[in-house]
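Peer 1:
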Amino acid sequence: MNFWNPKEECMPLEELRDLQSRRLREQVRRSYEHVECFRRRMDDKGLKPEDIRGVEDLHLLPFSYKQDLRDYYPYGLFAVPMKDVVRVHASSGTTGKRIVVGYTKNDMDMWADCMARMMVGLGVTDEDIVQVSFGYGLFTGGFGAHCGAERIGATVIPISSGNTANQIQTMVDFGSTVLCCTPSYAMYLGEEAERMGVQDRLKLRIGIFGAEPWSENMRRKIEEKLGLRAYDIYGLSEVLGPGVACECTEQAGMHVWEDHFIAETIDPDTGEVLPEGSVGELVFTSLTKEAFPVIRYRTRDICRLIREDCPCGRTHVRMSKPSGRTDDMLIIRGVNVFPSQIEEVLLKVSGNRITPNYQIVLDRVNNTDTFDINVEMSEAFFSDNVREIEALERNITEQLRSMLGIGAKVHLVNPMSIARSEGKARRVVDKRSGKI
Amino acid sequence: MIIKQLSVFLENEKARLCEVADTLAQHHINIRALSLADTTEFGILRLIVDQPDKGREVLAEAGIVVRVTNVLALSTQDAPGGALGALRVLAECGINVEYMYAYVAKVSGKAIMIMQVEDLEVAEEILRRHGFEQADFAGFGD
Chain A
425 MNFWNPKEEC MPLEELRDLQ SRRLREQVRR SYEHVECFRR RMDDKGLKPE DIRGVEDLHL
485 LPFSYKQDLR DYYPYGLFAV PMKDVVRVHA SSGTTGKRIV VGYTKNDMDM WADCMARMMV
545 GLGVTDEDIV QVSFGYGLFT GGFGAHCGAE RIGATVIPIS SGNTANQIQT MVDFGSTVLC
605 CTPSYAMYLG EEAERMGVQD RLKLRIGIFG AEPWSENMRR KIEEKLGLRA YDIYGLSEVL
665 GPGVACECTE QAGMHVWEDH FIAETIDPDT GEVLPEGSVG ELVFTSLTKE AFPVIRYRTR
725 DICRLIREDC PCGRTHVRMS KPSGRTDDML IIRGVNVFPS QIEEVLLKVS GNRITPNYQI
785 VLDRVNNTDT FDINVEMSEA FFSDNVREIE ALERNITEQL RSMLGIGAKV HLVNPMSIAR
845 SEGKARRVVD KRSGKI
Chain B
4 MIIKQLSVFL ENEKARLCEV ADTLAQHHIN IRALSLADTT EFGILRLIVD QPDKGREVLA
64 EAGIVVRVTN VLALSTQDAP GGALGALRVL AECGINVEYM YAYVAKVSGK AIMIMQVEDL
124 EVAEEILRRH GFEQADFAGF GD
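Each protein sequence line maps, in turn, to chains A and B.
Be aware that the first sequence starts at 425, since it is given in our numbering, and climbs by one per residue.
Be aware that the second sequence starts at 4, since it is given in our numbering, and climbs by one per residue.
(1) In whole angstroms, what is the alpha-carbon distance linking A/Met543 and A/Thr601?
(2) What does the Cβ neighbour count give for B/Gly134, buried or exposed, with the cut at 16 atoms within 10 Å?
(3) Starting from the Cα of B/Gly97, find the closest Cα among B/Ala18, B/Glu121, B/Leu87, B/Leu75 and give me that residue.
(4) Quick check on the burial criterion: 16 or more other C-beta atoms within 10 angstroms. Buried or exposed for A/Gly737?
(5) Got a sec? Which residues, its chain only, sit under 7 angstroms from A/Thr518 by beta carbon, not counting five neighbours each side?
(6) Which residues of chain B have a Cβ atom closer than 7 angstroms to the Cβ of A/Phe806, listed in chain order?
(7) Within 8 angstroms, do at least three Cβ pairs link the segment 494 to 509 of chain A to the segment 593 to 607 of chain A?
(8) Mind pulling the chain B residues with CB within less than 7 angstroms of A/Met840?
(9) With respect to the beta strand (DSSP E) encompassing A/Cys604, which residues constitute its N-terminal and C-terminal limits?
(10) Of the choices A/Ala654, A/Thr694, A/Leu660, A/Arg851, whose alpha-carbon is the least far from that of A/Tyr609?
(11) Which of the three DSSP states is assigned to B/Ile6 in this structure?
(12) Measure the alpha-carbon distance for A/Gly526 versus A/Val852 and round it to whole angstroms.
(13) Name the chain B residues that come within less than 8 angstroms of A/Glu817, Cβ to Cβ?
(14) Against chain A, with Cβ distances strictly below 8 angstroms, would B/Arg35 count as a contact?
(15) From A/Met642 to A/Ser857, what does the alpha carbon distance come to, in whole angstroms?
(16) Exposed or buried, B/His31, counting other C-beta atoms within 10 Å across all chains shown (16 or more means buried)?
(17) Could one say the Cβ of A/Ser802 lies closer than 8 angstroms to chain B's Cβ atoms, at least one of them?
(18) Please confirm if B/Ile98 has its CB atom under 8 angstroms from at least one CB of chain A.
(19) For B/Arg98, name the three-state secondary structure that DSSP assigns.
(20) Excluding five sequence neighbours on each side, which residues of the same chain lie with their C-beta closer than 6 angstroms to the C-beta of B/Ala63?
(21) Using 8 angstroms as the threshold, is the segment 458 to 473 of chain A in touch with the segment 484 to 498 of chain A, meaning 3 or more CB pairs across them?
(22) Please name the residue, chosen from A/Thr750, A/Asp751, A/Cys734, that lies closest to A/Met743 on a Cα-to-Cα basis.
(23) Assuming A/Val718 and A/Glu648 make a contact with CB atoms under 8 angstroms, what is their CB distance in whole Å?
(24) Entirely within the segment 427 to 480 of chain A and at least 4 residues each: give me those alpha helix (DSSP H) ranges in chain order.
(25) Among the residues of its own chain, which have a CB less than 6 angstroms from the CB of B/Ala141, if the five just before and after it don't count?
(26) If we define contact as Cβ-Cβ less than 8 angstroms, is A/Ile813 a contact residue for chain B?
(27) For the alpha helix (DSSP H) that A/Ser826 lies in, which residues bound it at each end?
(28) Below 7 angstroms between beta carbons is the criterion; list the residues of the segment 744 to 771 of chain A that meet it against any residue of chain B, in chain order.
(29) Only counting the same chain, and skipping five residues up and downstream in sequence, which positions put a Cβ closer than 6 angstroms to that of B/Leu50?
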């Protein structure tokens, strides 16, 4: 069994709890001092930092939300002056407004350590050649995987995502042994490698995949096609990026690095903390993040926490694969999509007159998500001219691509043809379950 | 002359076409001429009916996307080359015909041409000046 930080990763629970309590007190104090949003919420509850004695008082603290990142865009939630921020990452929000997170030098170190722990735990060494096919840029995926691999001294190929034939050629020529990307892209790479007839020339051993939901069935297929062991990784930029939690070689739940993050599951309606083992909304508190700390951040992901001993020896709690969301966010080909973004585009192309009824239909064909949008025709959109209607379809498609970054097929359909329940059209039909 | 045409959006499926015809029949609206333009994704049904405004109303009530559009109706000889003269004039004047369809009139020896052009009024005036016979509903043989 390999460990990067054996002392932390296998810390006895009681000791871990003491460490968490110490770090929580400090984090609450710092946040209260430097983050206005948090201070106001504490004051509203009549709480002072000294009221939080340890993890047993965590439930008293106010929640934080994705909306906060928009309300305080871009730097309003940072707890350090900008001179101490060495990196920012960002992702698109529901209304085109990005959310921004920041990192200090220490945060970058911690991030690299979290990723290094995972990689070493999975058997990656300084002899490995790590192909990072997550996107580089404002998205945390590429740089997150990069810093972990570099930290353990492996050879990094920062190829980023896209250009599949080149990805496979690189794998063959450079002898990549570790692949990091989204699971659907891994699947696609596997199929392409098969088609190109180079499967036998691949040296891949370990795959680190995340940023979208995938199933055990898909894991087996990827493992078979690429000849590696495939592991799941969880993260979100608001909390850190990739590396908040990840699987060990047991492939039985993702260890949350509890010396840096506290995970809770709550009832999304009442906010009540659920006992470990129950299914609920995942909530994170970052204990050591300096630039962008979060306290009781609502992820909207639904999962279960597993506090049973893991044969790997790590004491840190495991989370199950998220089984859904408490909001209407969809993950399509690894990209976060909110129905409100589609509404916004439709409203825009109608000249801000109306939002037509629409329905998102998701399916999975050949292991890739299909993304179709049916839009009910209305008089506001209709023209006697075929070319104008075709131009309308194209316009919607292009605007969606520019807003979401992924392509959708737009179909204009008869009015009232989208199934309604209690007068409201069913917005999303997801046929992917069971196919991923 | 310029007459009213009903344009109907059809998602590609046959039942919808029946629904349009059925709705009009139920309201005793007579279809004089029609043409169906379709693409791989959708179709536009264009109809000349005896009561276009009522037609629009009853179709809209039935949840069908419909729009009244103006088109040019021209009466020509139902003989080889009957439509040629008018088309030639329009071409010479640089007026683009977006679509057209024709219908044999009840009046013996006549055909009705329905045309959509870029500038209806200008086209109508040009054709009038060239002595082409303008069709109204009487031209359909009522």
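Note that CB positions come from ideal geometry on N, CA and C, so glycine has one too.
What you are looking at is a predicted structure, and each value in this text was computed from that prediction instead of being measured.
Peer 2: Per the coordinate set shown:
(1) Position 119 of the first sequence holds residue 543 of chain A. Position 177 of the first sequence holds residue 601 of chain A. Cα-Cα distance, rounded: 12 angstroms.
(2) Here residue 134 of chain B refers to the residue found at position 131 when the second sequence is read from its first residue. It is exposed - the Cβ of B/Gly134 has fewer than 16 other Cβ atoms within 10 Å.
(3) By one-based count along the second sequence, residue 97 of chain B stands at place 94. When only C-alpha atoms are compared, the closest one is B/Glu121.
(4) As a working mapping, residue 737 of chain A is identified with position 313 in the first sequence. Under this definition A/Gly737 is an exposed residue.
(5) As a first step, residue 518 of chain A is located in the first sequence; it is residue number 94 there, counting from the start. Here A/Thr518 scores only 46 on pLDDT, less than 50, and its place in the model is too uncertain to base an answer on.
(6) In the first sequence, the residue the question calls residue 806 of chain A occupies position 382. Simply Phe12, Val68, Arg70.
(7) no
(8) Counting from 1 along the first sequence, the entry for residue 840 of chain A is found at position 416. Under the 7 angstroms cutoff, chain B gives Gly66.
(9) The sequence position of residue 604 of chain A within the first sequence is 180, counting from 1. Here the beta strand (DSSP E) through A/Cys604 covers 602 to 605.
(10) Counting from 1 along the first sequence, the entry for residue 609 of chain A is found at position 185. That would be A/Ala654, whose Cα lies nearest to the Cα of A/Tyr609.
(11) Looking up residue 6 of chain B in the second sequence gives position 3. Three-state DSSP puts B/Ile6 in a strand.
(12) Stepping through the first sequence from its first residue, residue 526 of chain A is reached at position 102. Stepping through the first sequence from its first residue, residue 852 of chain A is reached at position 428. Rounded to the nearest angstrom, the two C-alpha atoms are 34 angstroms apart.
(13) Your numbering for residue 817 of chain A matches position 393 in the first sequence. By Cβ distance, chain B contributes Glu44.
(14) Here residue 35 of chain B refers to the residue found at position 32 when the second sequence is read from its first residue. Not one chain A Cβ lies under 8 angstroms of B/Arg35.
(15) Within the first sequence, numbered from 1, the residue matching residue 642 of chain A stands at position 218. Within the first sequence, numbered from 1, the residue matching residue 857 of chain A stands at position 433. One C-alpha to the other measures close to 12 angstroms.
(16) Here residue 31 of chain B refers to the residue found at position 28 of the second sequence. Exposed: under 16 other Cβ atoms inside 10 Å.
(17) Position 378 of the first sequence, counted from the start, is the residue given in the question as residue 802 of chain A. Answer yes: the Cβ-Cβ gap between A/Ser802 and chain B drops below 8 angstroms somewhere.
(18) Counting from 1 along the second sequence, the entry for residue 98 of chain B is found at position 95. No, because no Cβ of chain A sits closer than 8 angstroms to the Cβ of B/Ile98.
(19) Residue mapping note: residue 98 of chain B aligns to position 95 of the second sequence, counting from 1. For the sequence presented, residue 98 of chain B should be read as Ile rather than Arg. In the structure shown, B/Ile98 sits in coil (DSSP, three-state: anything other than H, G, I, E or B).
(20) One-based indexing of the second sequence puts residue 63 of chain B at position 60. Here the set comprises Val69.
(21) yes
(22) Taking the first sequence and counting its residues from 1, one reaches residue 743 of chain A at position 319. Here the closest residue by C-alpha is A/Cys734.
(23) Taking the first sequence and counting its residues from 1, the one referred to as residue 718 of chain A is at position 294. Taking the first sequence and counting its residues from 1, the one referred to as residue 648 of chain A is at position 224. In fact, because the Cβ distance is near 38 angstroms, the residues do not count as touching under 8 angstroms.
(24) 430 to 433, 437 to 458, 460 to 468
(25) Looking up residue 141 of chain B in the second sequence gives position 138. Only weak support exists for where B/Ala141 lies, its pLDDT of 49 falling under 50; the value from the coordinates is given anyway. Closer than 6 angstroms at Cβ, skipping near neighbours: no residue.
(26) By 1-based counting over the first sequence, the position of residue 813 of chain A is 389. Interface residue, yes.
(27) By 1-based counting over the first sequence, the position of residue 826 of chain A is 402. Per DSSP, A/Ser826 belongs to the alpha helix (DSSP H) from 810 to 828.
(28) none
(29) On the second sequence, residue 50 of chain B is found 47 positions in, with the first residue counted as 1. Hits under 6 angstroms: Leu9, Ile34, Leu37.
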